[in-house]
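Here this note's numbering is used: the first residue of the sequence shown is 5, the next is one more, and so on.
Glycine included, every Cβ here is placed at the ideal spot set by N, Cα and C.
Just so you know, these numbers come straight off a predicted model, no measurement behind them.
Following: one structure in structure tokens, then a few remarks.
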Amino acid sequence: MSDPTNLDDGSSTPRPWWRRPPLWIGAGPLLAFLVLAAVNLKLAQEFTSSGRAIVSNSLGSIWQWMVLVLFVIAVVMAISPVGRLRLGGVDAKPSLKFFDWCAVLICTLLAGGGVFWSAAEPLFHFRTPAPYFSNVEGSTAAAVDPSLAVSFLHWGFLAWALVATTVTITLSIQEQRGESLRPRTLLVGLLPHRWVEGPLGDLADGLSVVAAIAGTVGPLGFLSLQLSNAAGMLPGLSDSAGLQSLVVILLTAVFATSTVSGIQRGIKWLSEVNVWLTLGLAAALLLLGPGLWLIQHFASSFTLYVRNLVPMALAANRGPDNWVNGWTVFYWGWFLGYAPLMGLFTAGVSRGRSLRELVLAVAILCPIVTNLWFTLLGGTGMQLELSNPGAITGPLAASGEAGALLAILGQLPLPWLLIPVGLILVVLFMATSADSMSYAAAMVVSAQRKPPALLRLFWALMIGSLTLVLLRIGTSLGDSTSINALQAFIVISAVPVTPLVLITLWTAPRLAWREWKQRQQVQI
């Protein structure tokens with residue numbers, strides 16, 4: 005039987021990738037938004053800001069419940085008998101060693117954003133405690149654990165489970181049954197097959213690409229501005245439009261080369277480099293910084309996080325300032341947009357792994373590693389701030405998130421080594437996320453497990469080009485208005501993706517249970 009992943013909508017011959025509707029459904033809205041921003045930046049900003057407010061108020065509470073329930077379902081499946089199911093079939097063998105597999109997962113799912121925010125977010129909550137801990141005075145020793153606990157909420161168990169557990173399980177089992185590895189496959193069994201393989205399926209694929217690419221371009225552009233600001237502090241360099249453009253071009257070259265070379269070579273190699281550099285910097289933070297203090301606060305803040313996980317996750321989504329919308333709901337919308345593409349990417353690299361291994365790695369191990377990293381970097385910043393008020397929050401207020409990172413690393417011993425390593429880590433993690441997203445987008449629009457290199461390059465250049473042009477929108481140097489507008493667009497783009505992820509709360513356990521029963525009958 006022919007490979008269904010290489011056929012277009014059930015036809016007998018493959019359709020060229022440039023003639024597939026999902027490609028243009030995915031690229032069209034991004035280009036349209038770019039044109040709108042170029043013609044009238046203020047209108048684009050008003051559209052996205054208003055849209056974000058409407059979506060957050062309408063869907064915020066639904067997202068909060070959905071993310072929590074999804075995590076519970078994933079954990080229950082992992083500890084149940086169905087946890088022994090092997091993704092890809094009984095005879096499937098892992099293509100990556102366990103360490104390499106975990107490295108790819110950690111570096112390609114949420115770690116890029118996590119590395120970037122690990123220094124700044126705990127400091128924001130340290131300076132102004134979240135409403136969950138309104139009785140805590142900001143910028144005091146009592147605010148350390150609550151600030152880390154809130155950061156753990158946003159980058160912990162729920163976030164990682166949302167991206168690649170129930171979606172990955174559904175896609176993996178459906179692929180075993182002959183379906184293609186695309187977002188539209190999440191609709192199989194719920195809608196008539198002709199609908200899934202028709203315009204509705206094309207729409208699901210294309211809009212999933214929109215959400216994922218939008219979620220990648222925004223952080224990449226913001227990172228480029230911050231790296232340009234950091235490089236501008238070096239002798240002989242100045243923060244300029246040319247330097248910002250050069251940063252984007254170099255980043256694009258890195259992840260374009262990686263995604264063209266494929267998962268086994270480029271993405272795997274970058275992931276391994278990221279992990280070893282992270283381990284080295286983590287060891288340096290423990291040895292050169294307040295190591296014992298950090299370990300103690302990781303234990304106490306993690307305990308606080310677990311104890312308050314449910315009330316924090318389901319906090320009331322209302323109020324004049326609506327802190328929940330500004331922080332938690334925005335993160336859920338951002339990560340929700342990633343879920344279909346990151347879920348299928350994870351399904352592709354997880355063949356041969358058990359369902360239990362998947363949930364353990366994605367929903368437990370990766371979050372703990374991320375939380376530990378937030379403690380090492382953000383915790384060091386808070387300890388330095390407690391010892392010398394204003395030492396870290398001053399640069400944070402003046403230069404933004406990258407200012408906090410440089411301030412923390414600059415006040416430790418060996419700053420000449422730590423600062424370059426920290427900046428390289430941020431760049432490589434973001435490049436790894438961007439190249440995996442390019443690869444996943446190419447898989448979706450081509451309906452092929454190994455999409456053509458030219459198509460992978462197309463999406464890599466799309467991400468880089470959008471970022472480059474968006475940074476040039478506006479008149480003043482370092483104007484991030486266009487990036488802020490696109491980040492607001494992230495939340496809007498998550499709306500059509502919501503039903504695709506929501507249905508996996510039902511389809512993933514149902515499919516896994518049926519698959520487990522069938523394999524039990526075969527063994528008997």
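Proximity of residue i and residue j at Cβ, strictly below 8 Å
{"i": "L100", "j": "V108", "result": "yes"}
{"i": "M447", "j": "T220", "result": "no"}
{"i": "A163", "j": "Y335", "result": "yes"}
{"i": "G382", "j": "L285", "result": "no"}
{"i": "P344", "j": "M81", "result": "no"}
{"i": "R460", "j": "V264", "result": "yes"}
{"i": "F259", "j": "D104", "result": "no"}
{"i": "F339", "j": "T52", "result": "no"}
{"i": "A408", "j": "A234", "result": "no"}
{"i": "A516", "j": "L227", "result": "no"}
{"i": "A435", "j": "S232", "result": "no"}
{"i": "H129", "j": "T332", "result": "no"}
{"i": "L38", "j": "L47", "result": "no"}
{"i": "I110", "j": "C370", "result": "yes"}
{"i": "P126", "j": "S151", "result": "yes"}
{"i": "A218", "j": "L504", "result": "no"}
{"i": "V192", "j": "Q180", "result": "no"}
{"i": "I309", "j": "A153", "result": "Here residue 309 turns out to be Tyr, not Ile, going by the sequence shown. Yes; because the gap between Cβ atoms is below 8 Å, this pair is in contact."}
{"i": "S358", "j": "T112", "result": "no"}
{"i": "L72", "j": "A317", "result": "yes"}
{"i": "L509", "j": "T169", "result": "no"}
{"i": "V495", "j": "S60", "result": "yes"}
Whole-number beta carbon distance between residue j and residue i, since they are thought to touch under 8 Å
{"i": "G87", "j": "V328", "result": "In fact, because the Cβ distance is near 33 Å, the residues do not count as touching under 8 Å."}
{"i": "G30", "j": "V449", "result": "6 Å"}
{"i": "G534", "j": "T256", "result": "This structure gives no information on residue 534, because the portion of the chain shown stretches from 5 to 528."}
{"i": "P399", "j": "V213", "result": "Their Cβ separation, rounded to whole angstroms, is 37 Å, which puts P399 and V213 out of contact at 8 Å."}
{"i": "L175", "j": "L166", "result": "About 15 Å separates the two Cβ atoms, so there is no contact after all."}
{"i": "Y136", "j": "N312", "result": "7 Å"}
{"i": "T384", "j": "G118", "result": "About 16 Å; that fails the 8 Å criterion."}
{"i": "F102", "j": "F161", "result": "Actually they are not in contact, since the Cβ atoms of F102 and F161 sit about 21 Å apart, beyond 8 Å."}
{"i": "A96", "j": "G356", "result": "4 Å"}
{"i": "A445", "j": "C106", "result": "So it is not a contact: roughly 23 Å between Cβ atoms."}
Spatial distance of residue i from residue j (CA atoms)
{"i": "D483", "j": "T471", "result": "Because the pLDDT at D483 is just 48, under 50, the model does not fix this residue reliably, and the value given afterwards should be weighed accordingly. When rounded, the distance between both Cα atoms is 13 Å."}
{"i": "T282", "j": "R198", "result": "47 Å"}
{"i": "R453", "j": "E141", "result": "53 Å"}
{"i": "I507", "j": "A78", "result": "14 Å"}
{"i": "A457", "j": "S497", "result": "27 Å"}
{"i": "L195", "j": "R188", "result": "10 Å"}
{"i": "R131", "j": "G394", "result": "11 Å"}
{"i": "L410", "j": "N392", "result": "16 Å"}
{"i": "T397", "j": "A134", "result": "17 Å"}
{"i": "P500", "j": "G341", "result": "9 Å"}
{"i": "Q525", "j": "G93", "result": "15 Å"}
{"i": "I368", "j": "N44", "result": "44 Å"}
{"i": "L292", "j": "Q387", "result": "13 Å"}
{"i": "P8", "j": "F349", "result": "The predicted model places P8 with a pLDDT of 35, which falls under 50 and marks its position as unreliable; any figure quoted below should be read in that light. Distance between the alpha carbons of P8 and F349 is about 18 Å."}
{"i": "G202", "j": "L465", "result": "28 Å"}
{"i": "W121", "j": "K521", "result": "43 Å"}
{"i": "A147", "j": "M346", "result": "34 Å"}
{"i": "T479", "j": "S54", "result": "Because the pLDDT of T479 is 36, which lies under 50, any placement of that residue in the model is unreliable, and the number read from its coordinates should be weighed accordingly. Straight-line Cα distance between these residues: approximately 23 Å."}
{"i": "L254", "j": "R523", "result": "49 Å"}
{"i": "R56", "j": "I372", "result": "30 Å"}
{"i": "P455", "j": "L247", "result": "33 Å"}
{"i": "L418", "j": "A287", "result": "13 Å"}
{"i": "G414", "j": "S84", "result": "48 Å"}
{"i": "I428", "j": "V200", "result": "43 Å"}
{"i": "T511", "j": "A351", "result": "16 Å"}
{"i": "G251", "j": "Q300", "result": "Note on residue identity: the sequence assigns Val, not Gly, to residue 251. Approximately 38 Å between the Cα atoms of the pair."}
{"i": "W280", "j": "L204", "result": "43 Å"}
{"i": "L416", "j": "F156", "result": "24 Å"}
{"i": "N10", "j": "E50", "result": "With a pLDDT of only 38 at N10, under 50, the local geometry of the prediction cannot be trusted, and the value read off the model is given with reservation. Roughly 42 Å between the two C-alpha positions."}
{"i": "L224", "j": "E361", "result": "31 Å"}
Closer than 7 Å: residue i CB and nearest the ligand GDP heavy atom
{"i": "L114", "result": "This structure does not include the ligand GDP; it has no bound ligands of any sort."}
Residue-level contact to chain B via CB, residue i, 8 Å cutoff
{"i": "F433", "result": "Chain labels in this structure do not include chain B; a single protein chain is all it has."}
- Length-filtered (4 minimum) alpha helix (DSSP H) runs lying within the stretch 128–198: Qualifying alpha helix (DSSP H) stretches, in chain order: 148–159, 161–168 and 170–180.
- Query: Which residue spans inside the stretch 321–369 form an unbroken alpha helix (DSSP H) run of at least 4?
  - Reply: Complete alpha helix (DSSP H) runs here, min 4: 334–353 and 359–363.
- Would you check if the stretch 299–316 and the stretch 373–393 touch, i.e. whether three or more CB-CB distances between them fall below 8 Å? Yes: the two stretches touch, three or more of their Cβ pairs being nearer than 8 Å.
- Message: Which runs of the beta strand (DSSP E) at least 3 residues long sit entirely within the stretch 395–458? Give them in chain order.
- Response: Entirely contained in the stretch 395–458, not one beta strand (DSSP E) run reaches 3 residues.
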